[in-house]
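The next block holds one structure in the form of structure tokens; read it before the comments.
In UniProt numbering, the protein residues as written are 1 to 135.
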């Protein structure tokens, strides 16, 4: 019976017998693609296949396609990665500086009067140019 193996690079065709195991197909794929035998994973309809099973256990029909994948290096690291790239915990804490107490009551009203009217110099054209201007 002829089956197809969809590999990482191309589609391979194999003639197999009912008493063949998946290990034989693993070895052929490793020779064809140049991958390490332990890095190849075969799956049929999304389910991984055990390499000691016989082909007659899968109920394959002639022309079935098996997917071959290569394992990816790496894996999950310890801890959560939701704070990756954040500088929040890396910057040192700085103590807040003490600010002078705001004036209240009569003193605040006196300051407002001085700011708005008393210290202003009237410009020759009669217009004000913002709170920081002396005109």
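For every residue, glycine included, the Cβ atom is placed at its ideal position computed from N, Cα and C.
Could you tell me if residue i is buried or exposed, where buried requires 16 or more neighbouring beta carbons within 10 angstroms of its beta carbon?
| i | result |
| --- | --- |
| residue 9 | exposed |
| residue 107 | exposed |
| residue 11 | exposed |
| residue 95 | exposed |
Counting only the same chain and skipping the five closest in sequence on each side, list residues whose C-beta sits under 6 Å from that of residue i.
| i | result |
| --- | --- |
| residue 64 | 3 |
In chain order, what residues of the same chain lie with their CB nearer than 7 Å to the CB of residue i, ignoring the 5 residues before and after it?
| i | result |
| --- | --- |
| residue 117 | none |
| residue 57 | none |
With distances taken Cα to Cα, identify the nearest neighbour of residue i among the options.
| i | options | result |
| --- | --- | --- |
| residue 32 | 61, 6, 20, 105 | 6 |
Please list, in chain order, all residues of the same chain as residue i whose beta carbon is under 8 Å from its beta carbon, the five residues on each side excluded.
| i | result |
| --- | --- |
| residue 49 | 22, 42, 43, 58, 66 |
| residue 14 | 2, 3, 4, 5, 25, 28 |
Please report the straight-line C-alpha distance between residue i and residue j, rounded to a whole angstrom.
| i | j | result |
| --- | --- | --- |
| residue 20 | residue 37 | 17 Å |
| residue 54 | residue 40 | 18 Å |
| residue 73 | residue 47 | 21 Å |
Runs of alpha helix (DSSP H) lying entirely within the stretch 2-65, each at least 4 residues, in chain order: Given a length threshold of 4 residues, each whole run of the alpha helix (DSSP H) inside the stretch 2-65 is given here in chain order: 22-33.
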